[in-house]
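Enquirer: The working numbering puts the first residue of the sequence shown at 26, with every later residue one more than the last. Okay, here's the structure, questions in a sec.
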Amino acid sequence: IHWKSWDYLYAGKSCGGLGFKDLYCFNLALLGKHIWRIRMFLDTLSSKILKAKYFPNTSLSHASCGPKSLYLWKSLHQSIPLVEECLIWRVGDGTRIRIWKAKWLNRPSTHMIQSPMSVLSKNSIVADLIDPHSRWWKVDLLHAIFQQEDIKEIMRLPVSIFPTADKLIWKGTVNGHFSVRS
């Protein structure tokens, strides 16, 4: 028998390995899929039960995991930061997105505003930057507040003619839905 290292077993077939998946990472991805479902579909029975038990007065992002929590919740809780890290906002009406705190730009590095906070408060929302009549960005306000790089990123974002709700999407896929492969 010829023994091979785990690095060889995990290496892709195109790289000469056997293409095994790292089971720990794969398990986290599968748990992440459940966290995604809990986050996106709060009206399901399982989401309601977990919310009532583990994060009744807060969001999933701030849910706690105590020593007496179920093994299921402890496992799911491990993947919350991984899922949160890869979520970005798709701008709809802008009422749920905080300008300075949320990930909402198409900038691959941070997805956040880089300009220093100035005129608007730290709790200002993206809706403050959208003209409700024309349904387009308030360009004069953008130039007064943000640096040129941020203005370019904001102007690239489409604004819906009809106000729709802001939506959290998965940045690893084209359609914005969580995928274990991403």
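Where a beta carbon is used, it is the ideal one built from N, C-alpha and C, also for glycine.
Given TYR35, which residues of its chain have a CB within under 7 Å of its CB, disregarding the five upstream and five downstream residues?
Expert: So the list reads GLY42, PHE45 and ASP47, once near-sequence residues are dropped.
Enquirer: Could you check the C-alpha separation between ASP32 and PHE203 for me, to the nearest Å?
Expert: If I take the Cα positions, the gap works out to 27 Å.
Enquirer: Check each candidate in SER143, SER104 and LEU112 and name the one with the smallest Cα separation from LEU55.
Expert: That would be SER104, whose Cα lies nearest to the Cα of LEU55.
Enquirer: Indicate the three-state DSSP secondary structure (helix, strand or coil) for ARG123 in the structure shown.
Expert: DSSP places ARG123 in strand when its eight states are reduced to three.
Enquirer: Assuming LEU167 is part of the alpha helix (DSSP H), what are its boundary residues?
Expert: That run of the alpha helix (DSSP H) goes 164-170.
Enquirer: Does the Cβ-Cβ distance between TRP162 and VAL184 come in under 8 Å?
Expert: Closer than 8 Å, so yes.
Enquirer: For the segment 118-131 against the segment 56-71, are there 3 or more C-beta pairs whose distance is under 8 Å?
Expert: Result no; under three Cβ-Cβ pairs closer than 8 Å.
Enquirer: Is the beta carbon of SER140 less than 8 Å from the beta carbon of ILE179?
Expert: Their beta carbons are not under 8 Å apart, which means SER140 does not touch ILE179 by this criterion.
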